[in-house]
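Only one structure is covered here, and it is reproduced in the block below.
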Amino acid sequence: MNQWGSHQAIFTIKRATFMDKIRRQYRKLQKTKKCKRRRIELKSEKCNSNGIAEVLQGTTYESNIGIEEDITDQLEEIPPWKQITPEENIPIIVFDLDTTGVSRQSDIVQKVAVTENETFSAYVMPSKKITPQASDITKLAFFNGQMYYDEVPVESSPPFEVFTNFIAFLSKFSSKLTFVGHNIKSFDCHILYNQLNKLKMWDEFCLYFNGFIDTIILFRSEYSGRQSYKQCNLVSDFLGESYDAHNALYDCKSLFKRVRSHGNLASHFCKSTFDGMYPKYCQNDLSFKALVENKVMSKQLAKKEASTGLCKKHFILSIQRNDIGGLRALLSQKN
1 MNQWGSHQAI FTIKRATFMD KIRRQYRKLQ KTKKCKRRRI ELKSEKCNSN
51 GIAEVLQGTT YESNIGIEED ITDQLEEIPP WKQITPEENI PIIVFDLDTT
101 GVSRQSDIVQ KVAVTENETF SAYVMPSKKI TPQASDITKL AFFNGQMYYD
151 EVPVESSPPF EVFTNFIAFL SKFSSKLTFV GHNIKSFDCH ILYNQLNKLK
201 MWDEFCLYFN GFIDTIILFR SEYSGRQSYK QCNLVSDFLG ESYDAHNALY
251 DCKSLFKRVR SHGNLASHFC KSTFDGMYPK YCQNDLSFKA LVENKVMSKQ
301 LAKKEASTGL CKKHFILSIQ RNDIGGLRAL LSQKN
């Protein structure tokens, strides 16, 4: 036992001596200029990170924070910046919307979507009057709670019911879908976003939605030099069919055929694809209009910040939370 105890003592002394040596080397290293400089850098990064988090999230803990009035701005979270990386190997769904007018604030009166083997089609009860111009194009009319297509009564449902059913339809697919449409970047995607946002269903919709492809951009890239890229001409030239301009379901089915047979999607995917939040980015960009006009910021900077999810309101919130340092922290998060 004494011999075993002496061995333990010797080992303990050796171990302690070794650890003392390591600690002396570490303390010596910590006194070098390189380590001091690194500690300052880490402290600065930590302060900057905390500052960004505080500006983005606002005040989340404070005495009486649940009692004080009008604290919405303090609690609202500014969206963090994200990098957009489109994916290529994803299934597509072709969609079309008929609306009450040509404004981006118009109501949807018909929603149609087509995949290779599945179809969704529904008429939607509008809260706004269908304009004569829109009615001439779609052959749709709505009087006294009844929808008519080409003067024939058709069944329609409230927007919430239609889009609840549509999201259920999307949930059947095993992966997220890319929404494909003709000239949708300038109109349809904005209408769809506004409608879903109004119904507070956009976040749920995004669970099954991967982004947009505009086929007018796709066909302009693949078949440059054509005189016309209108649906009727593309259907006639590529499919050899007569075009039914008043049938949204036919629009979708014919467009699906054209994309699959003549679209060359793989070669022009990145050029014709745009992010699902593009309609929101456009609204963000519009919020900077006064700043751009007064030369406070450039058009390029406004578009850049809008595309990261930021708008003028977020700039104001960051300044309210930490003065000019808050704005600086908000902008530095992308670096």
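For what it's worth, UniProt numbering labels the leading residue of the sequence shown as 1, then goes sequentially.
Heads up, the beta-carbon is just placed ideally off N, CA and C, and yes, glycines get one too.
On a predicted model such as this, the values are computed, not experimentally measured, just so you know.
Excluding five sequence neighbours on each side, which residues of the same chain lie with their C-beta closer than 6 Å to the C-beta of residue i?
| i | result |
| --- | --- |
| I217 | S272 |
| Q320 | none |
| F95 | A113, F179, G181 |
| Q283 | none |
Between the alpha carbons of residue i and residue j, how many angstroms are there, rounded?
| i | j | result |
| --- | --- | --- |
| T17 | Q8 | 14 Å |
| T138 | H246 | 5 Å |
| I213 | R104 | 19 Å |
| F160 | K200 | 10 Å |
| S224 | S254 | 21 Å |
| S228 | S236 | 12 Å |
| Q195 | D323 | 36 Å |
| I92 | K280 | 22 Å |
| G309 | K33 | 41 Å |
For a test of the three-state rule: what should DSSP assign to residue i, helix, strand or coil?
| i | result |
| --- | --- |
| V112 | strand |
| Q227 | coil |
| F159 | According to the sequence displayed, residue 159 carries Pro and not Phe. P159: helix per DSSP, three-state reduction. |
| Y278 | helix |
| P153 | strand |
| T12 | helix |
| Q133 | helix |
| M147 | strand |
| T17 | helix |
| F205 | helix |
With which residues is residue i paired in a DSSP beta bridge?
| i | result |
| --- | --- |
| G211 | T178 |
| I93 | F179 |
| V124 | S157 |
| L301 | L301 is not bridged to any residue. |
| A141 | Y148 |
Which same chain residues, not among the five before or five after residue i, have their C-beta less than 7 Å away from its C-beta?
| i | result |
| --- | --- |
| P126 | T100, D107, V109, F142 |
| D188 | L97, G181 |
| H268 | L218, S221, E222 |
| G211 | P86, T178, T273, F274, D275, G276 |
| D285 | A302, K303, A306 |
| I84 | Legend: pLDDT at I84 = 39, less than 50; position of this residue unreliable, value from coordinates given subsequently. Contacts found: D275. |
Which same chain residues end up closer than 8 Å to residue i when comparing Cβ atoms and leaving out the 5 residues on each side of it in sequence?
| i | result |
| --- | --- |
| V124 | D107, I108, V109, Q110, K111, S156, S157, P158, P159, V162 |
| L140 | D98, V109, Q110, Y123, I130, A134, M147, Y148, Y149 |
| G145 | M125 |
| Q231 | H182, Y243, A245, D251, S254, L255 |
| I191 | L97, T99, R104, S106, I108 |
Could one say the Cβ of residue i lies closer than 7 Å to chain D's Cβ atoms, at least one of them?
| i | result |
| --- | --- |
| A306 | Protein chain content of the structure displayed is limited to a single chain, and chain D is not contained in it. |
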